[in-house]
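Participant:
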Amino acid sequence: AQSVTQLDSQVPVFEEAPVELRCNYSSSVSVYLFWYVQYPNQGLQLLLKYLSGSTLVKGINGFEAEFNKSQTSFHLRKPSVHISDTAEYFCALRRDTGRRALTFGSGTRLQVQP
Amino acid sequence: KAGVTQTPRYLIKTRGQQVTLSCSPISGHRSVSWYQQTPGQGLQFLFEYFSETQRNKGNFPGRFSGRQFSNSRSEMNVSTLELGDSALYLCASSIGTSRGPQETQYFGPGTRLLVL
């Protein structure tokens, strides 16, 4: 079975500060990794994804993530956050087995304070 | 291009009733997946449909069912509602190619179901 662990349920940070949201995964087969963001009363929006190739992946809104196979991690980073980045962030994986089902972590609530 | 649409957006039902939720995927997308989001269990996969066939099912009781129509629109049905079925139900669509696991799933805004 596969699993995704988001180590922090909440991350408070001041505006313009850097932030890192941590994600670790477990799987016995190759995986593809995703970060989604959910704003209040909305669905999920894809921030970025890792399929193969370069381990540093750049996404929308200035976010990036680094895939580390040896540490089974896929941490999300942003060098300078804005108030508008306040949202719930979900790390997810999909196994390379032909199916599209995503396995999600429990989410990290990013709270950007002025 | 219009995004994924879900109707209704909000729904209140009582225990024992049944409910049907609808999802219209992005034009040209052939794969539709459903997820349940609750504060306690988080986001959990319900099922995936492709070309009117259920391709994958999550660990949910048989009260949860779905179908997909020839135009790729999908419905999910929950019978004999329980209080624990209160959740945000999210639909996601993707193009539907042979590289399925690599595809991006685009999510709709969800249907918020409250069971009283």
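Note that the protein sequences, when read in sequence, are chains A and B.
Each residue of the first sequence is one higher than the one before, starting from 154 at the first, in this note's numbering.
Each residue of the second sequence is one higher than the one before, starting from 48 at the first, in this note's numbering.
Using N, Cα and C, we set each Cβ at its ideal position, and we do this for glycine too.
Just so it is clear, the structure is predicted and the values come from calculations on it, not from any experiment.
1. So is A/Phe167 buried or exposed if we call it buried at 16+ other beta carbons inside 10 Å?
2. Looking at the C-beta of B/Phe92, does it have a partner C-beta in chain A at a distance below 8 Å?
3. Can you confirm whether B/Asn106, when its beta carbon is compared against all beta carbons of chain A, has any partner nearer than 8 Å?
4. Have a look at the DSSP bridge pairing and note the partners of B/Val66.
5. Indicate whether at least one CB of chain A lies closer than 8 Å to the CB of B/Arg102.
6. Count the other CB atoms, across all protein chains shown, that sit within 10 Å of the CB of A/Gly258; report buried if there are 16 or more and exposed otherwise.
7. Please look up how many angstroms separate the CB atoms of B/Phe94 and B/Gln101, rounded, as I've assumed it's under 8 Å.
8. Determine the burial state of B/Glu99: buried for a count of at least 16 other Cβ atoms within 10 Å of its Cβ, exposed for fewer.
9. Out of A/Ser207, A/Pro232, A/Phe187, which has the shortest C-alpha to C-alpha gap to A/Ala254?
10. Hey, would you say B/Tyr136 sits closer than 8 Å to B/Ile73, going by beta carbons?
11. Going along chain B, which residues have a C-beta under 9 Å from A/Phe220?
12. Measure the beta-carbon distance from A/Glu239 to A/Gln198 and round it to whole angstroms, keeping in mind my assumption that it falls under 8 Å.
13. Can you list, in chain order, the residues of its chain whose CB lies under 6 Å from that of B/Leu68, leaving out five sequence neighbours each side?
14. Does the region 216-236 of chain A come into contact with the region 198-207 of chain A, if we say contact requires no fewer than three beta-carbon pairs (one atom in each stretch) closer than 8 Å?
15. Compare the Cα-Cα distances from B/Ser80 to each of B/Leu161, B/Gly147, B/Leu160, B/Val162 and report the closest residue.
16. Give the interface partners of A/Asp249 over in chain B, defined as CB-CB distance under 7 Å, in chain order.
17. Between A/Pro267 and B/Leu161, what straight-line distance do the alpha-carbon atoms span, to the nearest angstrom?
18. What do you get for A/Tyr192, buried or exposed, if any count of 16 or more other CB atoms within 10 angstroms of its CB means buried?
Facilitator: Reading it off the structure:
1. Here residue 167 of chain A is taken as the residue at index 14 of the first sequence, counted from 1. Residue environment analysis places A/Phe167 among the exposed positions, since fewer than 16 neighbouring C-beta atoms fall within 10 angstroms of its C-beta.
2. The sequence position of residue 92 of chain B within the second sequence is 45, counting from 1. Yes, B/Phe92 lies at the interface with chain A (some Cβ there is under 8 Å from its Cβ).
3. Sequence index remark: in the second sequence, residue 106 of chain B carries index 59 (1-based). So no, B/Asn106 is outside the interface.
4. If you number the second sequence from 1, residue 66 of chain B lands on position 19. Looking at the DSSP output, B/Val66 sits in a beta bridge with B/Val125.
5. By one-based count along the second sequence, residue 102 of chain B stands at place 55. Judged by the 8 Å Cβ criterion, B/Arg102 is in contact with chain A.
6. Start at 1 with the first residue of the first sequence, and residue 258 of chain A comes out as number 105. Counting of Cβ neighbours within 10 angstroms places A/Gly258 among the buried residues, the total reaching 16 or more.
7. Stepping through the second sequence from its first residue, residue 94 of chain B is reached at position 47. Stepping through the second sequence from its first residue, residue 101 of chain B is reached at position 54. Taking C-beta atoms under 8 Å as the contact rule, B/Phe94 and B/Gln101 qualify, at a distance of about 6 Å.
8. For the purposes of this step, residue 99 of chain B is identified with residue 52 of the second sequence, where counting begins at 1. Counting Cβ neighbours within 10 Å, B/Glu99 comes out exposed, since fewer than 16 surround it.
9. Mapped onto the first sequence, residue 254 of chain A falls at position 101. Among A/Ser207, A/Pro232, A/Phe187, the Cα nearest to that of A/Ala254 belongs to A/Phe187.
10. Translated into the one-based positions of the second sequence, residue 136 of chain B becomes position 89. Translated into the one-based positions of the second sequence, residue 73 of chain B becomes position 26. It is not a contact, given that the beta carbons lie outside the stated cut-off.
11. The residue given as residue 220 of chain A occupies position 67 in the first sequence. When 9 Å is used as the limit between beta carbons, A/Phe220 is near no residue of chain B, the shortest such separation being about 14 Å.
12. For the purposes of this step, residue 239 of chain A is taken as the residue at position 86 of the first sequence. For the purposes of this step, residue 198 of chain A is taken as the residue at position 45 of the first sequence. According to the sequence as given, residue 239 of chain A is Thr; it is not Glu. That pair is no contact at about 14 Å.
13. The residue labelled residue 68 of chain B in the question sits at position 21 within the second sequence. These residues qualify, in order along the chain: Met123, Tyr136, Thr158.
14. The region 216-236 of chain A, when compared against the region 198-207 of chain A, does touch it at the 8 Å Cβ threshold.
15. Translated into the one-based positions of the second sequence, residue 80 of chain B becomes position 33. Checked all of B/Leu161, B/Gly147, B/Leu160, B/Val162; the closest Cα to B/Ser80 is B/Gly147.
16. The sequence position of residue 249 of chain A within the first sequence is 96, counting from 1. Residues of chain B with a Cβ closer than 7 Å to the Cβ of A/Asp249 are, in chain order, Pro148.
17. In the first sequence, residue 267 of chain A corresponds to position 114, counting from 1. In the second sequence, residue 161 of chain B corresponds to position 114, counting from 1. Near 35 Å, if we compare the C-alpha coordinates of B/Leu161 and A/Pro267.
18. Translated into positions along the first sequence, residue 192 of chain A becomes position 39. Exposed, because fewer than 16 other Cβ atoms sit within 10 Å of the Cβ of A/Tyr192.
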